[in-house]
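The numbering used here puts the first residue of the sequence shown at 1248, with every later residue one more than the last. By construction, the Cβ of each residue, glycine as well, lies at the ideal position given by its N, Cα and C atoms. From a predicted model like this one, the values you see are computed outputs, not experimental measurements. Have a look at the structure below, then the notes.
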Amino acid sequence: MRNQLSEQEHEEFLLLMSLALDDFLDEAEQQQFALYQERHPILAAEWQDWQAMHQRLNATPHAVPAPDFVDRFELRLLQQERRRRLWQGVWIGLATFCLWFTATAGLVSVGTYLFVNQSSFVSSVAKNIILFFASLATWFDSLLLALNTFASTPQAMGLGAGYLVLTMGMLVGWFFYLRRSTQLIDVQSA
């Protein structure tokens, strides 16, 4: 009998059957569903089979978790996450401690070796470091003196005043531009 039924009609019957099992058919759909069953006995038999299966499924007791199942499950997840973070922190702390320990041991070893065996080298390195910072301070003082000398000339004062006036003009212009461009516009609907 299914050979006389088109694929589209069979799909429509399956859809109507699903809605009928859930009691969602309206009047027109109910009539169409009954018409399919009258015309095609194989569809009526299929409907009977599905109704029997639906009744068996509804008769089966539903598995319901304990009332506090979700709370206990969330608590276990939270405890597991805390445990994972704790172990992660322990491993990071242990790795950091090992790195600091090896770096400190290496520096102490190199320092001891240089102090014991290479005292002339250490003294020349210390002397060069002191000379470097002394020459850096001298260069910095010379630069400050040159800048102070240049700043005291009338040309530099005029240049600074011009720059100040130009900067203030730009800031005032920018302020007015922002104020004008961010004002609300009244739009009258026609």
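| query | result |
| --- | --- |
| Using 10 angstroms around the beta-carbon of F1280, count the other beta-carbons present and answer buried if the total reaches 16, otherwise exposed. | buried |
| Under 8 Å by Cβ, that's how I've got E1276 and L1290 pegged, so tell me the actual separation to the nearest angstrom. | Not a contact, Cβ separation roughly 15 Å. |
| Which residue's Cα is closest to the Cα of L1268: H1257, W1294, H1287, E1258? | W1294 |
| Tell me where the alpha helix (DSSP H) around V1369 begins and ends. | 1366–1398 |
| At the level of alpha carbons, what is the spacing between Q1278 and N1305? | 26 Å |
| Helix, strand or coil for H1287 per DSSP? | coil |
| For a quick check, are the C-beta atoms of L1272 and L1261 less than 8 Å apart? | no |
| Please state whether the Cβ-Cβ distance between F1380 and V1369 is less than 8 Å. | no |
| In the region 1300–1368, which residue ranges form an unbroken alpha helix (DSSP H) of at least 4 residues, counting only runs that do not cross its ends? | 1316–1364 |
| Is the beta carbon of L1252 less than 8 Å from the beta carbon of H1287? | yes |
| Can you give me the C-alpha to C-alpha distance between R1329 and V1337, rounded to a whole angstrom? | 12 Å |
| Provide the residue span of the alpha helix (DSSP H) that contains T1414, from first to last. | 1401–1428 |
| For D1296, which three-state DSSP category applies? | helix |
| Does DSSP put S1253 in a helix, in a strand, or in coil? | coil |
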